[in-house]
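Asker:
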Amino acid sequence: MIRSVLGLLFILILQTTTFGQQTIFDSLELKLKGSSSDLERVDLLNELSNRYLAYQPQQSKPLAEEALAIAKTIGYKRGEAVALNRIGEYEFRQSNYARAVEFTTESLRLAEQLKDSSIMAMAYRVLGNTNTFGFKRFGQALQYQQKAFDIYKKLNDKRNIASFCGNITWIYGTTGENLEEGHTLANWGIHLSDSLKDYQLLSYNYNSKGLLYLKQNLLDSSLTYLALSNSAAEKSNDHAVIAYNKSIMGDIFFRKGDIQTALRLFTAAATESGELNLREVVKNSYYGLSQCYARLKNFERAYHYHMLYDELNSTLLNWETTQKALITELEFAEEKKEQKIAELELANKKARQEKFIYIILSAVFVLFMLTITALVIRNNRQRIQSNKLLQEKNYEIARQNEKLKQSNTVKDKLFSIISHDLRTPLASLKGLLAMALRKDISDAEFRGIIPKLNNLVIGTNETLENLFLWSHSQMNGWSFQPGNINLKQLTERCLSLFSESAKTKSINLESKIQSDVYALADENQLELILRNLLNNAIKFTQQGGQITLEAEVENNMVEVRITDNGIGMEAKQLQTLFDKKNTQTTRGTMGEKGTGLGLQLCKEMVEINSGTIAAESIPGKGSTFKVKLKAVKPGSNPV
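Under my numbering, the residue at position 274 of the sequence shown is numbered 274, and the numbers go up by one with no gaps.
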């Protein structure tokens, strides 16, 4: 039940809260106003930025950016490295993990050039925390945390040693690896924190030791150290750690079968973490409340909290996916940058060699005039050929880059649909079926939610079918076999497929298409077009609505119209309705999900059949989708 906690008030970070911060702020700002040295201003701005990080983070970034600008102007590399680290720290605290890595990596490069171990340790800390709490890449995170830890041990910095004891122990407690070493580090961190009278660090190390015992399934020992963590956190006024601990303790009491205590702890954790915007703790608490109420057979409350958990979990998964995509893009750009530098260095080396040869040849110009002339001519030809080859290579690189972009577009779209529009309904279906299997709900209650299950299955099946067809078209193109299609027969077949879905919402389906109306089209593709349009009409039409199919022949073209009296669309939405870049998920009148993929498939297939598709809509009154295809007479040969 317990998940990794992202951004939990930036657990186990270098800085710890202290009292009397306003006095420090006032003193630093007074020094800044009286400073006449740019170098001193950079140091003061960086110090102020660091102080504001934990209290007023929105003020921290502008101060660091100002320090960075001044440091670059005066060539103050150390100040530049510290400012970049402050910005990286800020982006980490805002959950912008890719940008945090970008700025902190640049800070680390400068620190390595300066051979400044203290700034290197600061950078390793941010990179370690970002990989721990952001990307959950615990292997990389542990490497960065260990590097920073080694530096602070050499510096005998007890406060930071205690901090990184907690950091590394937290990773061990999460992954279940090196638990004995974790206990040793936790005990060291507790001893140092206690000797420093730093109750916030003490609460962190108690928490980490509690997690170790939890991983070993020693529940009573875990509860003991989590209670000690809460006691220390109360002394340091750290409400975030208290909320986090309550969520973990709720899970432990749930395992022990004390449902009422677990319910009380999860409720408190959800409320307190919500006030602090600790979304991962809120999510875990919602899940715990759902489990508790299910155990107490209060299925209405269990379902309520399970839905809250599902919604928040989907939001966090999407954000995590976005950040991982950004860091992948950043790493790819970094690789290309390093490759470009290597190519430039090679080109410079070659240029120096050519210059040296030219000087030698010039020195013997009088004796070898004819030879030199021939060499120059040959050199020029080689240069022209090299330039031509370089241009060809650049063109090929650009072409491959464009292919890569297109491939990434397809991949991102697939991941978006799979991670959200398929995972969410399947997770809900799984949860409901699990309740039924455990007999947490009665047969009558289960029969009551069968229509919802049916809608989930139908919606997921439509999404899967559209996703399969779209993916197939992206890789292999469309197969096209035109024929003379009787529109009345085809539409009646489509209407029968959606009769149950329409009946669920008491929607009347009516076809006014005559039996002698034929269109020239690929039957499978035209059926899929009509099914998608009918599915959308049902999705966005309210209870008791009306959906009508009509066809009209004019100028050798047949126009098929699907009209509903549903919720309609705004003009802005109509403009991007068939746009391939439009991947926004929409919801129908009963919460049905849509990806927009079906309309894109409709547009592609209509165009393959030499037709057009358009939509008209009035908000609150309904929509009409029009498909125009070539009209044919019954019995004529397809052209």
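Every residue, glycine too, gets a C-beta built ideally from N, C-alpha and C.
What are the start and end residues of the beta strand (DSSP E) that includes residue 137?
Answerer: Per DSSP, residue 137 belongs to no beta strand (DSSP E) and is neither H nor E.
Asker: Opposite residue 630 in the DSSP bridges: which residues?
Answerer: Residue 630 pairs with 557.
Asker: Quick check: residue 266 and residue 236, are their CB atoms within less than 8 Å of each other?
Answerer: The answer is no: Cβ separation not under 8 Å.
Asker: For residue 646, report the span of its beta strand (DSSP E) as first-last.
Answerer: Not covered by the structure: residue 646. The range shown for the chain is 1 to 639.
Asker: Out of 239, 238, 268, which has the shortest C-alpha to C-alpha gap to residue 249?
Answerer: Nearest of 239, 238, 268 to residue 249, Cα basis: 268.
Asker: Distance, Cα to Cα, residue 508 vs residue 314?
Answerer: Going by the C-alpha atoms only, they are around 34 Å apart.
Asker: Relative to the C-alpha of residue 560, which residue among 491, 172, 216, 286 is closest?
Answerer: Answer by Cα proximity: 491.
Asker: Going by the CB atoms, is the gap between residue 152 and residue 160 shorter than 8 Å?
Answerer: Closer than 8 Å, so yes.
Asker: Going by CA-CA distance only, name the one from 110, 606, 616 that's closest to residue 630.
Answerer: For residue 630, the nearest C-alpha among the options comes from 606.
Asker: Is it buried or exposed for residue 512, if we count other Cβ within 10 angstroms and need 16 for buried?
Answerer: The residue in question, residue 512, is exposed, as its Cβ has fewer than 16 Cβ neighbours within 10 Å.
Asker: Taking the alpha-carbon positions, what's the residue 634 to residue 487 distance?
Answerer: Cα to Cα, residue 634 sits roughly 11 Å from residue 487.
Asker: Could you name the residues of the same chain whose beta carbon sits closer than 8 Å to that of residue 525, not counting the 5 residues immediately before and after it, in chain order?
Answerer: Excluding positions up to five away in sequence, the list reads 478, 480, 605, 608, 609.
Asker: At 4 residues or longer, what runs of the alpha helix (DSSP H) sit wholly inside the segment 270-323?
Answerer: Whole alpha helix (DSSP H) segments, 4+ residues: 279-295.
Asker: What does residue 622 pair with, by DSSP beta-bridge criteria?
Answerer: Note: residue 622 sits in a beta bridge opposite 618.
Asker: In its own chain, which residues sit with a C-beta less than 6 Å from the C-beta of residue 39, not counting the 5 before and 5 after it?
Answerer: Cβ within range, chain order: 76.
Asker: Given residue 206, which residues of its chain have a CB within under 7 Å of its CB, disregarding the five upstream and five downstream residues?
Answerer: Contacts found: 190, 225, 228, 229, 232.
Asker: Measure the C-alpha to C-alpha separation of residue 520 and residue 615 and round it to an integer number of angstroms.
Answerer: Going by the C-alpha atoms only, they are around 21 Å apart.
Asker: Around the Cβ of residue 377, are there at least 16 other Cβ atoms within 10 angstroms (buried) or fewer (exposed)?
Answerer: Result: exposed.
Asker: What is the residue span of the beta strand (DSSP E) that residue 485 lies within?
Answerer: Run containing residue 485: 482-486, per the beta strand (DSSP E) assignment.
Asker: Within 8 Å, do at least three Cβ pairs link the segment 81-94 to the segment 47-64?
Answerer: Verdict: yes, contact present.
Asker: Rounded to whole angstroms, what is the Cα-Cα separation between residue 165 and residue 185?
Answerer: Approximately 5 Å between the Cα atoms of the pair.
Asker: Would you check if the segment 95-103 and the segment 125-138 touch, i.e. whether three or more CB-CB distances between them fall below 8 Å?
Answerer: Cβ pair count under 8 Å is three or more, so yes.
Asker: Measure how close the beta-carbons of residue 564 and residue 506 come, nearest whole angstrom, since I'm counting them as under 8 Å.
Answerer: So it is not a contact: roughly 14 Å between Cβ atoms.
Asker: Measuring from the CB of residue 520, is there a heavy atom of the ligand COA at a distance below 7 Å?
Answerer: Among the components of this structure there are no ligands whatsoever, and the ligand COA is therefore not found.
Asker: When you compare only the Cα positions, how much space is there between residue 545 and residue 625?
Answerer: Residue 545 and residue 625: Cα-Cα distance of roughly 16 Å.
Asker: Cβ atoms of residue 435 and residue 294: under 8 Å apart, would you say?
Answerer: Yes.
Asker: Given this structure, state the Cα-to-Cα distance separating residue 252 from residue 163, to the nearest angstrom.
Answerer: About 26 Å.
Asker: Work out the CA separation of residue 617 and residue 588 for me, nearest whole Å.
Answerer: About 16 Å.
Asker: Ordered along the chain, which non-local residues of its own chain (more than five positions away) have a Cβ less than 8 Å from that of residue 154?
Answerer: Around residue 154: 117.
Asker: Just the Cα atoms here: how many angstroms apart are residue 259 and residue 296?
Answerer: Distance between the alpha carbons of residue 259 and residue 296 is about 8 Å.
Asker: Under the three-state reduction of DSSP, which class applies to residue 392: helix, strand or coil?
Answerer: Helix, per DSSP.
Asker: Using only CA atoms, which one of 105, 122, 382, 72 lies nearest to residue 50?
Answerer: Looking at the Cα atoms, 122 is the closest of the given residues.
Asker: I need the DSSP call for residue 177, collapsed to helix, strand or coil.
Answerer: Three-state result, residue 177: coil.
Asker: Between 372, 557, 597, 556, which lies nearest to residue 576 when the distance is taken from Cα to Cα?
Answerer: Closest by alpha carbon: 597.
Asker: Where does residue 482 land, buried or exposed, given buried means 16+ other C-beta within 10 angstroms?
Answerer: Buried is the call here.
Asker: Return the first residue and the last residue of the beta strand (DSSP E) that residue 60 is part of.
Answerer: Run containing residue 60: none in the beta strand (DSSP E); it sits in the alpha helix (DSSP H), 57-74.
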